[in-house]
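These notes are about the structure you will find just below.
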Amino acid sequence: KNEVEQSPQNLTAQEGEFITINCSYSVGISALHWLQQHPGGGIVSLFMLSSGKKKHGRLIATINIQEKHSSLHITASHPRDSAVYICAVSKGGSEKLVFGKGTKLTVNP
Amino acid sequence: DAGVIQSPRHEVTEMGQEVTLRCKPISGHNSLFWYRQTMMRGLELLIYFNNNVPIDDSGMPEDRFSAKMPNASFSTLKIQPSEPRDSAVYFCASSFYGATEAFFGQGTRLTVV
Chain Y
24 KNEVEQSPQN LTAQEGEFIT INCSYSVGIS ALHWLQQHPG GGIVSLFMLS
74 SGKKKHGRLI ATINIQEKHS SLHITASHPR DSAVYICAVS KGGSEKLVFG
124 KGTKLTVNP
Chain P
31 DAGVIQSPRH EVTEMGQEVT LRCKPISGHN SLFWYRQTMM RGLELLIYFN
81 NNVPIDDSGM PEDRFSAKMP NASFSTLKIQ PSEPRDSAVY FCASSFYGAT
131 EAFFGQGTRL TVV
């Protein structure tokens with residue numbers, strides 16, 4: 024079993040829809056990361072969080088440490104949000120990142 | 031800052047040849063990471079450095095892979111000899127030690143034929 028599991032694997036939405044991507048992990052962590060990878064291949068860090076909730080524009084990330092679960096929400100989705108979203112965790116005491124398999128999001132106009 | 035710079039962006043080589051991938055981290059960052067991405071396995075950490083010293087190389091697949099960081103502004107990942115199963119996208123990332131948010135380069139797409 025992977026240490027970091029994401030769901031769903033693939034997600035198709037219509038422009039304007041509210042989107043949720045889930046991440047569960049099975050190890051002790053110091054932080055959880057949400058990354059975005061566009062079709063061109065570049066990877067951008069969206070959030071790093073260890074508790075609570077963070078918001079950047081239309082993106083919201085939450086984490087529940089007790090349940091070992093995080094969600095990434097996108098409000099008012101847009102076709103430019105189409106990308107692969109990757110959850111990763113820093114295991115306690117290390118900078119080493121362990122990655123989920125990613126969620127491929129397609130937002131249709 | 032121009033961000034993390036990797037070269038080359040694409041590399042096609044024949045099996046058995048030596049391949050060297052290069053990375054220039056963001057100035058001032060003291061942690062550097064090499065990752066590999068494949069369809070089958072997703073993203074995996076190969077090795078990371080703090081202050082130019084290798085800290086964890088447990089992800090390096092085998093002796094054919096080696097990485098160096100001779101100074102704070104340059105790192106290489108070398109594969110010798112290369113094999114078709116090494117075909118992947120290799121990412122370099124850098125960060126401030128302890129901050130853990132990493133900044134990624136654009137990646138090098140390696141194809142070994």
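The listed protein sequences derive, respectively, from chains Y and P.
One gets the working numbering by counting positions in the first sequence from 1 and adding 23 to each.
One gets the working numbering by counting positions in the second sequence from 1 and adding 30 to each.
Even glycine gets a Cβ: it sits at the ideal position worked out from N, Cα and C.
Keep in mind it's a predicted model, so treat the numbers as computed, not measured.
| Check | Outcome |
| --- | --- |
| Please look up how many angstroms separate the CB atoms of Thr-141 of chain P and Val-119 of chain P, rounded, as I've assumed it's under 8 Å. | Contact doesn't hold; Cβ gap of about 10 Å is too wide. |
| Taking Cβ positions, are Asn-60 of chain P and Tyr-127 of chain P nearer each other than 8 Å? | yes |
| Work out the CA separation of Pro-38 of chain P and Ser-57 of chain P for me, nearest whole Å. | 20 Å |
| Could you list which residues in chain A have their beta carbon closer than 8 Å to that of Tyr-78 of chain P, in chain order? | Looking for chain A here will not work: the only protein chains present are Y and P. |
| Taking C-beta to C-beta, are Ser-105 of chain Y and Ala-132 of chain P nearer than 8 Å? | no |
| If you compare alpha carbons, which of P:Arg-94, P:Phe-104 and P:Lys-98 is closest to Met-45 of chain P? | P:Arg-94 |
| Could you check if Ser-115 of chain P is buried or exposed, using at least 16 other CB atoms within 10 Å of its CB as the buried criterion? | Residue identity check: residue 115 of chain P is Arg in the sequence provided, not Ser. Classification of Arg-115 of chain P: exposed, given that the 10 Å Cβ count is below 16. |
| Using the C-alpha atoms, what's the distance from Gln-47 of chain P back to Ser-112 of chain P? | 6 Å |
| Here's a check: name, in chain order, each residue in its chain whose Cβ is nearer than 6 Å to the Cβ of Lys-77 of chain Y, leaving out the five neighbours to either side. | Phe-70 and Ala-84 |
| So which residues of chain Y does Asp-86 of chain P contact, with C-beta pairs closer than 9 Å? | Ser-117, Glu-118 and Lys-119 |
| Just how far apart, CA to CA, sit Ser-74 of chain Y and Ile-88 of chain Y? | 7 Å |
| Using a cut-off of 9 Å between C-beta atoms, extract the partners of Val-34 of chain P located in chain Y. | The premise fails here: Val-34 of chain P is roughly 10 Å from chain Y at the closest Cβ pair, so nothing lies under 9 Å. |
| Under 8 Å, do Leu-95 of chain Y and Leu-72 of chain Y count as touching if we go by C-beta distance? | no |
| At the level of alpha carbons, what is the spacing between Asp-87 of chain P and Leu-34 of chain Y? | 35 Å |
| Quick one: list the residues of chain P neighbouring Lys-124 of chain Y, beta-carbon separation under 8 Å, in chain order. | Gly-72 |
| Can you pull the DSSP bridge partners for Met-69 of chain P? | BP columns for Met-69 of chain P are empty, so no partner. |
| Quick check: the Cα distance between Leu-120 of chain Y and Glu-38 of chain Y, rounded to an integer number of angstroms? | 32 Å |
| Determine, for Val-119 of chain P, whether the minimum Cβ-Cβ distance to residues of chain Y falls below 8 Å. | yes |
| With distance defined between alpha-carbon atoms, name the residue in Y:Glu-118, Y:Val-112 and Y:Ser-49 nearest to Leu-58 of chain Y. | Y:Val-112 |
| Could you tell me whether any Cβ in chain Y is nearer than 8 Å to the Cβ of Gly-46 of chain P? | no |
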